[in-house]
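Data first, discussion second: the structure below is written as structure tokens.
Residue numbers (the numbering used here), protein chains in the order written: chain A, 877 to 1404; chain B, 4 to 339.
Structure (structure tokens):
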């Protein structure tokens, strides 16, 4: 009895101890801090020349590119450049740079930085360095002029606005350190940018805190955030609770069910903008019976497109028309689209000699992706009606990738479901990435499609894009018509970018050219 | 005694070597392409080849293993393919967070589980016994993430007493207040006499530690109960009671020390297990620890990180078991 009493007394002393100072964590209710929640830890690579994955939300606040692209207006705007032009033959590009720009390290920005950065990126040849391949040489004739001499015509303005491998960093500091020490130094969480925010601290795998760069060329008049925090929150349930409690202002990725629920809450804004990410199903053109074009087309007619858009994507997508997503130049809405038409499918299969189906197709999807799993299940039911069995194999991404590149062609999958998104804002990224003949290595041409005329058109269009966008677009149209006819890939849907943001934040305009990036300098909290 | 310790150490080292070879083989057999991870999915042939060479992937397996071992002896566990940091640095960052969580959880487990086990043994078949046994069963069978989420809803959402997750509050982090000496926030804040950080860290530690403690509470309580009951049936206990010695003296003075053996063993195993299996707790509570790191390493085929974590866990298990064996060997009845 006495022991129980003692225990109770001790416990009751503990409770007030725990609740001392217990208030909600209201960091982001503090006016000048913007907090984002990311579900993966993006900061594997800090090197601005190498970064090629999800580091953008952080890097685009620390660094700037020379130009920036607005895909909805189809316009480029100068960030670190004020004017630019190209010679009629498309081989020489000249950029006039902005003056009065400083790096976080204190050095001044000039043309030698741009020249050095391009050369270093090409030399390191990591990540998305391939966007600069057209450059034969870069010159810095005076501090405010950069000249790019090309091997072949290419749209270098778009390349300067690229989401990857186009960051401007301080060449003086970089040269002083030199590679490989420089790369290691970057990857310890250091930066050499000109952007509005600079690094304050980095807790590996946990969060990045950035603070205002006082000498930013854009100035600090008006209502701007002083600190930007990016937290890693792997569990979406926790992220949602943090959002609702005001601990974060923005969550990068939430399941659609959560988004629908938050839409009802007037404390949050849910914006859905057309994006550049789309989903393809690559058909193995080397496997029987898929080597027959008619069978591929038949399979394309079996996909329940609208059902997928409505019930899997909750309407946050639209059925794709061709490989280029809706908001990108080079997209044509009048191209032929495969519809959900089982009769047409049956007719084509009969023509090809498979009136009752009678074969199995192996579909690989990346494990952990709920949406893809649902797509596969919906499709399986439809294919079964034609006597085709769909063998769904859920695999970790690495295993799926390995299988697709397997040297034994007969081992490879029949159907590969995957996301694609651009590096440079141009249709070329889709075509060169997924449809050009690739033998060794195979990059993203997971249908193993090879058509030399199409290859030629694709390369020619990229060169044309530098000087005559319209002509390039027409060439891309021809490519797309051929691809739709040959059907090596089923163009499933174009995704919208759905963002959930606290309603107190204004000025946010999602730019699909820079996926998941929030330019913190351009937004502010109301009521300040 | 010394020869016993030396023998255990030697067998421990053999175990670690065996584990490292097995794990290395697994990382080689399981399909993954570290070079592609290193360089990016859209690499061309040249970039891939360069990456393969950089990472030493073009060497035969046994050479790669030997290179790895020689690195380990010099304290270099390789570079993580995912984080691009030296694995040693990654481990130094993540281990303290998980270790603090596990130690706190285990402490709670002892503070709750031991009395639970003792009371239910002393008052066998009473309502206390049934309550304790039910608690133990619940502790062992409740899914961790379920418990974690419910605690969050109860203590954060409804009561507002404890924070949602993370190790420290946002304002503490942004203001740069957190000291970093050992990586154990409670220890560091005490060392720097920083009361704000100490209580903030304690509040954040509470829920995850309680969640972690659920399983070991059940384990300890049940194990201790059954050991104690066995001891209570021994002749010397009967004699002590017959002599009229008070229950308290019999239990704590004689029975307990004889019953603790299996409980300590099981407890040590549980602690070792918890070090890498806190993934679910870390995910729900946003705790930047080893569990999360390991899960990411496994799903991205980050073999240096996998090897690093495996070696660490193997070493911990061997040490823990050695300590436990030595403690048990202190009992003169146990033959070494």
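All residues carry an ideal CB built from backbone N, CA and C; glycine is no exception.
query, result
"Residue environment, residue 1275 of chain A, which counts as buried when at least 16 other CB atoms sit within 10 Å", "buried"
"Distance between residue 1316 of chain A and residue 1277 of chain A (C-alpha atoms, nearest Å)", "14 angstroms"
"Residues that residue 89 of chain B bridges to, as DSSP identifies them", "B/82"
"Close Cβ partners of residue 1135 of chain A (< 7 angstroms) along its chain, the five nearest in sequence each way excluded", "1146, 1374, 1376"
"Same chain, Cβ closer than 7 angstroms to residue 1323 of chain A, five either side skipped, listed in chain order", "1158, 1159, 1160, 1161, 1364, 1365"
"Integer-rounded CB distance, given that residue 993 of chain A should sit under 8 angstroms from residue 1408 of chain A", "It is not possible to answer for residue 1408 of chain A, since the shown part of chain A is limited to 877 through 1404."
"Where residue 1405 of chain A sits in the DSSP three-state scheme", "Residue 1405 of chain A cannot be examined here, being either before or after the span of chain A that is shown, 877 to 1404."
"Contacting positions in the segment 144 to 162 of chain B - beta carbon closer than 8 angstroms to chain A", "152, 155, 159, 160"
"Members of the segment 253 to 278 of chain B that neighbour chain A once the beta carbon cut-off is set at 9 angstroms", "none"
"Between the CA atoms of residue 1152 of chain A and residue 950 of chain A - distance to the nearest angstrom", "13 angstroms"
"Short Cβ contact (8 angstroms threshold) for residue 182 of chain B with residue 290 of chain B", "no"
"Buried/exposed call for residue 133 of chain B, threshold 16 Cβ in 10 Å", "exposed"
"Close Cβ partners of residue 1077 of chain A (< 7 angstroms) along its chain, the five nearest in sequence each way excluded", "1085"
"DSSP state of residue 914 of chain A mapped onto helix, strand, coil", "strand"
"Sequence-distant residues of its chain with Cβ nearer than 8 angstroms to residue 21 of chain B (five each side left out)", "none"
"CA-to-CA distance, residue 1038 of chain A to residue 1010 of chain A, given in whole angstroms", "14 angstroms"
"Cβ shell of residue 1062 of chain A (< 6 angstroms), same chain only, five flanking positions each side left out", "922, 923"
"Extent of the continuous alpha helix (DSSP H) run through residue 1326 of chain A", "Premise fails: residue 1326 of chain A is in no alpha helix (DSSP H) and is neither H nor E."
"Bridge partners - residue 301 of chain B, DSSP secondary structure assignment", "Its beta-bridge partners do not exist; DSSP assigns none."
"Residue from A/1209, A/1391, A/1255, A/1190 with nearest C-alpha to residue 1291 of chain A", "A/1255"
"Any C-beta of chain B under 8 angstroms from that of residue 1408 of chain A", "A question about residue 1408 of chain A goes unanswered here, because the residues of chain A that appear run from 877 up to 1404."
"CA nearest to the CA of residue 1303 of chain A, picked from A/1268, A/1355, A/1253, A/1149", "A/1355"
"Which of helix, strand or coil DSSP assigns to residue 978 of chain A", "strand"
"Exposure of residue 255 of chain B, with buried meaning 16 or more beta-carbon neighbours within 10 Å", "exposed"
"Proximal residues, the segment 223 to 246 of chain B versus chain A, C-beta separation under 9 angstroms", "none"
"Beta carbon proximity, residue 1401 of chain A to chain B, threshold 8 angstroms", "no"
"With 16 other Cβ atoms within 10 Å as the buried cut-off, status of residue 1248 of chain A", "buried"
"Distance between residue 141 of chain B and residue 326 of chain B (C-alpha atoms, nearest Å)", "30 angstroms"
"Straight-line gap, residue 1118 of chain A to residue 169 of chain B (C-alpha atoms, nearest Å)", "11 angstroms"
"Within 7 angstroms of chain A by C-beta, residues of the segment 110 to 122 of chain B in sequence order", "none"
"Chain-ordered residues of the segment 74 to 89 of chain B with a beta carbon less than 9 angstroms from chain A", "83, 84, 85, 86, 87, 88"
"Continuous alpha helix (DSSP H) stretch holding residue 1408 of chain A: start and end", "Shown here, chain A extends from 877 to 1404; a query on residue 1408 of chain A therefore has no answer."
"Whole runs of the beta strand (DSSP E) within the segment 991 to 1035 of chain A, excluding any shorter than 3 residues", "1011 to 1018, 1021 to 1026"
"Run of the alpha helix (DSSP H) containing residue 1276 of chain A, from where it starts to where it stops", "1273 to 1280"
"Bridge-paired residues (DSSP) for residue 1371 of chain A", "A/1193"
"Neighbour flag for residue 101 of chain B against chain A, beta carbons, 8 angstroms", "no"
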